[in-house]
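This report concerns only the one structure given below.
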Amino acid sequence: MGSGNDSILDMYLYETNTLLEQLDGILLAAEQADTFSQDSVNEIFRIMHTIKGSSAMMEFPSLMTVAHRIEDLFFIIREKGIDVVPETLRPELFDMLFQAVDFFRGEIEKVENGQPLSDSIDSIVDKINSLIDKIQGGGAPAAAEKPASGGGEAPESAAPAAADPSYPFGIQVFFDEGSGMENLRAFMLLNGVKDYCADYLSVPENVENDPTTSEIIADQGFFVWFHTAQERDSAIPAVHAAGSVSSFQSVDAKAEEAPAQPAAAAEAPAAGAPAPAPAPAPAGGAPAPAPTPAPAAKQPAAAKESLISVSLTKLDQLMAVVSEIVITESMVTASPDLKGLRLDNFNKSARELRKLTDDLQDVSMSLRMVPVSSTFQKMNRIVRDMSKKLNKRAKLTLIGENTEVDKTIVDGISDPIMHIVRNSMDHGLEETEAERIAAGKDPVGEIILSARHTGSEVIIEIKDDGKGADCQAVLSKAIRQGLADPDQEYSQKEILNFLMMPGFSTNTEVTEFSGRGVGMDVVKKNVGEVGGTVTITSEWGKGMTTTLKIPLTMAIMDGMEVSVGGSIFTIPINNIRSSVKVSDAEVIHDPARGEMVKFLDSFYPIIRAKDVFQMEQGCDNIEEGILMWVEAGERSYCLFVDELMGEQQIVVKPMPAYVNSFNIKNYGITGCSILGDGSISIILDIANLYNAAQDAF
Amino acid sequence: MSEENVLFAKQSDTPPAEEIPAESQSDKYLICVSDSLLYGIDAEQVVEIITDHTITYLPRVPHYVRGIINLRGQLIPIIDMRLRLGKMPEDEHCIMVVNVENNVVGLLVDGVERMADIPRDSILPMPTQNPQKLISGMCSLPDGATMLVLDCSLLLHG
C-alpha cells in the first residue's frame with residue numbers, strides 16, 4: 001500500500017516538476033517577446049489545468065487553489081487574446097507568473113521533503129485576483145464575463161449573440177489530459193446521452209468519423225447542447241457515467257458565445273483552431289471550419305507519446321548488470337583454460353559476442369544520456385531574476401544545449417553552473433551601464449553558456465564580457481587570507497587558481513546571490529565529484545571564462561593495465577601518448593635528484609609510481625621497467641612502471657567512501673575496476689598523480 | 001558459510017539459562033578475537049564472515065587499511081584490527097564484513113568466537129583512567145572472560 005502511494009507521489013512530483021520546467025521556458029520566451037502566442041497561452045492553460053487536477057487528487061489544496069486562479073486568468077486571456085492585457089500590465093503579469101512558478105517549486109520541494117505545505121497563499125492569490133480584475137476592468141467592456149471557475153456557475157451574459165436559439169443549454173465536457181482518441185470518447189458519451197435525451201446538438205459534430213476533432217475536444221472541451229435545462233439535467237448522469245471525463249460544467253449558450261466570436265474574428269488567421277470550437281454551430285450546419293487548421297496547435301502533445309519516464313535506479317541496475325556482463329564476457333573469452341588451444345570457431349563467436357556486448361553497452365549508456373538543455377534553461381531564469389534585482393541588463397546566450405551527458409553528471413553540474421553564472425552576474429559584469437559604455441562595450445552584458453563534446457569529455461564554458469578578474473586584487477587578497485606566499489612570484493594562472501581555494505571570496509560584502517565565502521571551491525569540489533576539472537581564464541577588462549571539463553560518462557572506459565610491484569594500475573587510454581623503453585644513459589638527472597628524459601626536443605620529468613605510492617616492491621632499475629609517456633591537460637610526463645600488461649575495457653567503480661575519506665584522490669587514485677580474473681586494478685588520475693609527485697619532493 | 005552455521009548453533013545454545021526475561025533489553029554481540037582480547041561487535045552490523053580473499057594493496061592510505069577486496073563485485077576496504085589498535089600484524093586471520101552507517105568495511109581479526117546475548121545493563125563504561133579509543137564499554141561474560149564492546153563508527157571516523 002505504502003509503496004503504491006509513494007509511486008503515485010513520485011509520478012506527481014515528476015510530472016509537476018516537468019510541467020514547471022516547461023512553464024518556466026514558455027514564460028521566459030514570452031517575456032522576451034513581451035507577449036504570449038496563442039500556443040503558449042493554451043499550453044499554460046493546459047499546464048495549470050493539469051497541476052490543478054493532480055494537486056486536487058493528491059490533496060494539496062494550496063497548490064490547487066493557485067493553479068486554479070491562474071487557470072482562470074488564462075482562460076480569459078485565451079478567450080480574448082493577449083491584447084486584453086494592456087502593455088502596462090504585462091510586467092506585472094510576468095512577475096506574478098514567475099512568482100507563482102517559484103511558489104509551486106517551493107511547495108513541491110516541501111512535498112518532496114515531507115514538510116507541511118504553507119497555508120499562506122493569500123498574497124499570491126490576491127495578486128492573481130487583482131490582475132484578473134484589472135484585465136477585466138481594462139479590457140473590452142462588452143466582454144466583462146467571469147471566467148469559468150467553479151462547475152455549474154453560469155457566466156453572466158453580456159452580449160447575447162447568435163447562438164443556435166433552439167439549443168441554448170449546454171454541457172462542456174473535458175476529458176482526461178492525454179487520454180487520446182477524444183473524438184471516440186465523445187462519441188461514446190453521446191451514445192450514453194441518447195439514452196436520456198435524444199434531442200441534442202454536439203460540437204464538434206461528426207466525432208465518430210472525423211479523428212481531427214479529437215484535438216479540438218482536447219483543447220476546448222466537448223459541447224452537447226440541449227433544448228431545455230431539464231433535458232440537460234437529465235443527461236448529466238450519462239456524462240457522469242462516461243469514461244475518462246475529467247470535468248464537465250453546464251454552460252449557457254449566450255455567454256459562451258460572446259467571448260468566442262470576437263476572439264475568433266481577431267485571431268482567425270493565426271490560430272483558427274481553438275476559437276471556433278465553442279461557438280455552437282448555427283442550425284447545426286457547419287461546425288467543421290475547425291478541423292483543418294487544428295493540427296498546428298497540438299504538436300507538443302503528439303511528440304510526447306514516444307517518451308516514457310524510467311526511474312534512475314532501474315537504469316543504474318541495468319548499467320550494473322551490463323557492466324557485469326562485460327566483465328564476465330572477458331572472463332570467459334580470456335579464460336586461462338583456453339590458453340594454447342586453437343579454437344577458430346570459438347574465437348569467431350567470441351568476437352561476435354564482443355561486438356554485441358559493445359552495442360549493448362553503448363545502448364544502455366545512451367539511455368542515461370540527457371541533453372544539458374534543462375540545466376541551461378534554468379540559468380535563463382537566474383539571469384532574469386538577477387538582472388532585475390541588481391539592475392544590470394544582461395542577456396544569456398546558450399550554445400550547444402543539445403549536448404548530451406550522463407544523467408548523474410547533469411545533476412552534478414547544475415549547482416556549479418548556477419553558482420558561476422551568479423558570480424558572473426554579481427561580480428563579473430560592471431556595476432553600471434555607464435562603466436560598460438566607457439569601456440567600449442555593449443551596455444547590455446552578455447553571458448555565454450556553451451557546451452560541446454571533445455572525444456571523451458564535455459566542455460562547458462561560462463563566459464562573461466564583464467570586467468574580468470583583477471589579478472593584483474586577487475593576489476593581495478590571497479596573501480591576506482594566508483593562501484599565498486607574499487615573497488613568491490605567481491603566474492596569472494596560479495593567481496586565478498586562488499579563486500577556487502576554500503574560504504576565498506573577493507567580494508567583501510555578502511550579497512543575496514554570492515559572496516558567502518563558500519564559492520568557487522565548492523564548485524571545484526562538486527565538479528571534481530563527477531570527475532571533472534575547473535579552470536578559470538580571465539583578461540582584465542575583457543571578461544572571464546570558466547571552463548568545466550567533464551568526462552562524458554564515468555562508467556566505462558578504455559584503459560591500459562600496468563603493474564607496479566605486484567599491484568595492477570589502469571591508466572586511461574586518453575592520457576597515454578606512448579610507451580618507451582629507455583636506457584640508463586638517456587636519463588638526465590637534476591641536482592634535486594629529479595629525473596628527466598628527452599623526447600622530440602622537449603624534456604619530460606620521470607615520476608616513479610613506486611615512489612609516489614610508497615610501495616616496497618617493484619622495479620628500481622630504469623632499464624627493467626617501462627616509461628609511460630602520459631599527458632593530462634598541460635601536464636606531460638613519464639610514469640615509470642614495472643610492466644605493461646595490455647589494453648582493456650574496464651568498468652569504473654568508485655572507491656568505497658571510507659577509503660575516499662583518506663583523500664587518496666589527491667594522490668591520483670580515482671577509482672578501481674574489477675578485472676576478468678576477479679582481481680582489482682586501481683585507476684590512476686594522471687593530473688593528480690603529477691601534483692602528488694610534485695608535493696612529495 | 002560453515003562458520004556462520006557454527007555461530008547460529010552456539011547462539012541457540014546460550015539463551016536458556018538466565019537471559020530470557022531480560023531479552024528485550026539485551027543485544028546480540030558477535031565476539032571476535034584479536035591479539036587474545038575479546039571484542040564484541042553489535043551483531044546487527046555484521047553482514048558476513050569470509051576467509052581467503054586476496055587483498056589488493058591500496059597506496060597512500062593509513063597503514064591499518066590493508067587494501068580492498070572484491071566481494072562478489074562489491075569493493076570493500078579492509079581494516080586490520082591489530083594494526084588499528086597498535087599491535088603487530090599476524091598472518092592468520094578472517095574477515096568480518098560489517099555495515100556501519102552504510103559503509104561496508106571488512107575487519108581483519110584473528111578469529112570469530114561466538115554470538116552472545118548481552119543484557120544492556122551489564123555493559124559498563126570503561127574506567128576513565130584507562131581511556132581506549134574505539135571501545136565504548138566492557139562487560140563480563142558468563143564464562144568469566146571480559147568482552148570489550150567495539151564501537152564501529154569510532155573505528156571508521158576515529
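In the order they appear, the protein sequences are chains A and B.
Number 540 in our numbering belongs to position 540 of the first sequence; there are no gaps in the numbering.
Number 102 in our numbering belongs to position 102 of the second sequence; there are no gaps in the numbering.
A virtual CB, placed ideally from N, CA and C, is assigned to each residue, including glycine.
Keep in mind that this is a model prediction, so the values were computed, not measured.
Do residue i and residue j have their C-beta atoms closer together than 7 Å?
{"i": "F169/A", "j": "F226/A", "result": "yes"}
{"i": "S681/A", "j": "T570/A", "result": "yes"}
{"i": "S366/A", "j": "G400/A", "result": "no"}
{"i": "L627/A", "j": "V580/A", "result": "yes"}
{"i": "I674/A", "j": "C638/A", "result": "no"}
{"i": "I55/B", "j": "G40/B", "result": "no"}
{"i": "V109/B", "j": "Q45/B", "result": "no"}
{"i": "G445/A", "j": "M544/A", "result": "no"}
{"i": "V458/A", "j": "V527/A", "result": "no"}
{"i": "L117/A", "j": "S62/A", "result": "yes"}
{"i": "V562/A", "j": "L644/A", "result": "yes"}
{"i": "G678/A", "j": "N70/B", "result": "yes"}
Using beta carbons (cut-off 7 Å, strictly below), is residue i in contact with chain A?
{"i": "R60/B", "result": "yes"}
{"i": "L108/B", "result": "no"}
{"i": "Y64/B", "result": "no"}
{"i": "N99/B", "result": "no"}
{"i": "P89/B", "result": "no"}
{"i": "V46/B", "result": "no"}
{"i": "L156/B", "result": "yes"}
{"i": "L85/B", "result": "no"}
{"i": "T56/B", "result": "yes"}
{"i": "L75/B", "result": "yes"}
{"i": "V112/B", "result": "no"}
{"i": "V105/B", "result": "yes"}
Residues in the same chain with beta-carbon distance under 8 Å from residue i, minus the five sequence neighbours each way, listed in chain order, please.
{"i": "G73/B", "result": "none"}
{"i": "L89/A", "result": "L131, K134, I135, G138"}
For a cutoff of 7 Å on Cβ pairs, would you count residue i as touching chain B?
{"i": "P116/A", "result": "no"}
{"i": "V310/A", "result": "no"}
{"i": "S567/A", "result": "yes"}
{"i": "K110/A", "result": "no"}
{"i": "K653/A", "result": "yes"}
{"i": "G678/A", "result": "yes"}
{"i": "A693/A", "result": "no"}
{"i": "F662/A", "result": "yes"}
{"i": "I325/A", "result": "no"}
{"i": "A657/A", "result": "yes"}
{"i": "Y667/A", "result": "yes"}
{"i": "I382/A", "result": "no"}
{"i": "I674/A", "result": "yes"}
{"i": "L356/A", "result": "no"}
Where do the N-terminal and C-terminal ends of the beta strand (DSSP E) with residue i fall, by residue?
{"i": "N497/A", "result": "That residue, N497/A, is in no beta strand (DSSP E); its alpha helix (DSSP H) goes 492 to 498."}
{"i": "A698/A", "result": "An answer regarding residue 698/A cannot be provided, because it is not within the stretch 1 to 697 covered by chain A."}
{"i": "V46/B", "result": "46 to 50"}
{"i": "H453/A", "result": "445 to 454"}
Using a Cβ-Cβ cutoff of less than 6 Å, which residues in the same chain neighbour residue i once the five nearest sequence positions on both sides are dropped?
{"i": "R577/A", "result": "W629, E631"}
{"i": "T228/A", "result": "none"}
{"i": "Q377/A", "result": "G25"}
{"i": "D685/A", "result": "G668, T670"}
Leaving out the 5 sequence neighbours to the left and right, which residues in its chain are closer than 7 Å to residue i when beta-carbon positions are compared?
{"i": "I382/A", "result": "M418, V421, R422"}
{"i": "D698/A", "result": "This structure does not reach residue 698/A, given that chain A is present from 1 up to 697, and the question cannot be answered."}
{"i": "I70/A", "result": "M48, A100, I128"}
{"i": "L353/A", "result": "E329"}
{"i": "L396/A", "result": "M379, N380, V383, I447, L449"}
Just reading off the alpha helix (DSSP H) that residue i is part of, what are its end residues?
{"i": "K110/A", "result": "90 to 112"}
{"i": "F45/A", "result": "38 to 58"}
{"i": "I76/A", "result": "61 to 80"}
{"i": "E529/A", "result": "520 to 529"}
Please check if any C-beta of chain E sits within less than 7 Å of the C-beta of residue i.
{"i": "F613/A", "result": "Going by chain labels, chain E is absent from the structure shown, which instead holds the protein chains A and B."}
Is residue i near the ligand HEM, in the sense that its beta carbon is under 6 Å from a heavy atom of that ligand?
{"i": "T432/A", "result": "This structure does not include the ligand HEM; it has no bound ligands of any sort."}
In the segment 322 to 376 of chain A, which residue ranges form an unbroken alpha helix (DSSP H) of at least 4 residues, counting only runs that do not cross its ends?
344 to 367
Completely contained alpha helix (DSSP H) runs for the segment 386 to 410 of chain A, where each covers 4 or more residues:
none
Mind listing, in chain order, the continuous beta strand (DSSP E) runs of no fewer than 3 residues lying wholly within the segment 611 to 691 of chain A?
626 to 632, 635 to 641, 643 to 651, 669 to 674, 680 to 684
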